[in-house]
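Q: Sharing a structure, written as C-alpha cells. Questions coming.
Residue numbers (this note's numbering): 473 to 594.
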C-alpha cells in the first residue's frame, strides 16, 4: 500500500471536517465579551417592561407583574449591530429586530414590521 495515496484522502477528509465545523458557527460575538457587552437589564423609552440580556439569550418581563412576556436570543454582529429574535409568550408570534448601538448603553431597533423602539441600559 502506498502511504501517499492513503494520506491524500485523509487530508481531504480533514479539510472537509474543518470546513463543516466552520460552517456551523452562526453567532458572531463582539470582542467586548460577555455576549458582546449587552449583559444586563435594558428598558424601552416607553416603559412597561425590562429586557434582560445574558450570553446570547434574552427575555422581557412585565414591569408591573414581573411575568416573562417574551423570550429569545440575540447575536452581536459587530460593535454597532445586534440581531434580536424572540417569541411572544402572550401571542406565540415570532418576531425579529435589527438594532444599531450608537453607544454602550443604547440600542436603536426596528422590528420586522418596521416599528422602531429604543432600549437603554438600566
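Backbone N, C-alpha and C define an ideal beta-carbon position, used for all residues, glycine too.
Need the endpoints of the beta strand (DSSP E) that residue 579 sits in, please.
A: Residue numbering aside, residue 579 sits at position 107 when the chain shown is read from its first letter. 578-583 is the span of the beta strand (DSSP E), which, as asked, contains residue 579.
Q: Looking only at its own chain, which residues have a Cβ that is under 7 Å from the Cβ of residue 572, when we skip the five neighbours before and after it?
A: Within the chain shown, the letter at position 100 stands for residue 572. Taken in chain order, the residues that qualify are 552, 553 and 580.
Q: Does DSSP put residue 533 in a helix, in a strand, or in coil?
A: Within the chain shown, the letter at position 61 stands for residue 533. It is a strand residue.
Q: Between the Cα of residue 561 and those of 568, 576 and 531, spot the shortest distance and give me the residue it belongs to.
A: Taking the first residue of the chain shown as position 1, residue 561 is located at position 89. Among 568, 576 and 531, the Cα nearest to that of residue 561 is on 531.
Q: Starting from residue 523 and walking both ways along the beta strand (DSSP E), at which residues does that stretch end?
A: On the chain shown, position 51 is the one that residue 523 refers to. From DSSP, the beta strand (DSSP E) with residue 523 extends over 521-526.
Q: Between the C-alpha atoms of residue 577 and residue 521, what's the straight-line distance to the nearest angstrom?
A: Translated into the one-based positions of the chain shown, residue 577 becomes position 105. Translated into the one-based positions of the chain shown, residue 521 becomes position 49. Their Cα atoms are separated by approximately 17 Å.
Q: Taking only three categories from DSSP, how would you classify residue 569?
A: Taking the first residue of the chain shown as position 1, residue 569 is located at position 97. If DSSP states are grouped into helix, strand and coil, residue 569 belongs with the strands.
Q: Taking the straight line between their C-alpha atoms, what separation do you get for residue 498 and residue 546?
A: Within the chain shown, numbered from 1, the residue matching residue 498 stands at position 26. Within the chain shown, numbered from 1, the residue matching residue 546 stands at position 74. Because residue 498 sits at a pLDDT of 46, beneath the cut-off of 50, its placement in the model cannot be relied upon, and the point is left open.
Q: CB-CB under 7 Å to residue 529, same chain, minus the five flanking residues each way: which ones, in chain order?
A: As a position in the chain shown, residue 529 is number 57, starting the count at 1. Hits under 7 Å: 545.
Q: Which residue's Cα is closest to the Cα of residue 542: 535, 564 and 548?
A: Within the chain shown, the letter at position 70 stands for residue 542. Ranking the options by Cα distance to residue 542, first place goes to 564.
Q: Using CA atoms only, rank isn't needed, just tell me which of 527, 550, 568 and 513 is closest to residue 535.
A: Counting from 1 along the chain shown, the entry for residue 535 is found at position 63. Looking at the Cα atoms, 513 is the closest of the given residues.
Q: If you count every other CB in all the chains shown that lies within 10 Å of the CB of residue 508, and 16 or more means buried, which is it?
A: As a position in the chain shown, residue 508 is number 36, starting the count at 1. When all chains shown are included, residue 508 counts as buried.
Q: Using only the alpha-carbon positions, how far apart do residue 525 and residue 538 sit?
A: Along the chain shown, read from residue 1 onward, the residue named residue 525 stands at position 53. Along the chain shown, read from residue 1 onward, the residue named residue 538 stands at position 66. Roughly 15 Å between the two C-alpha positions.
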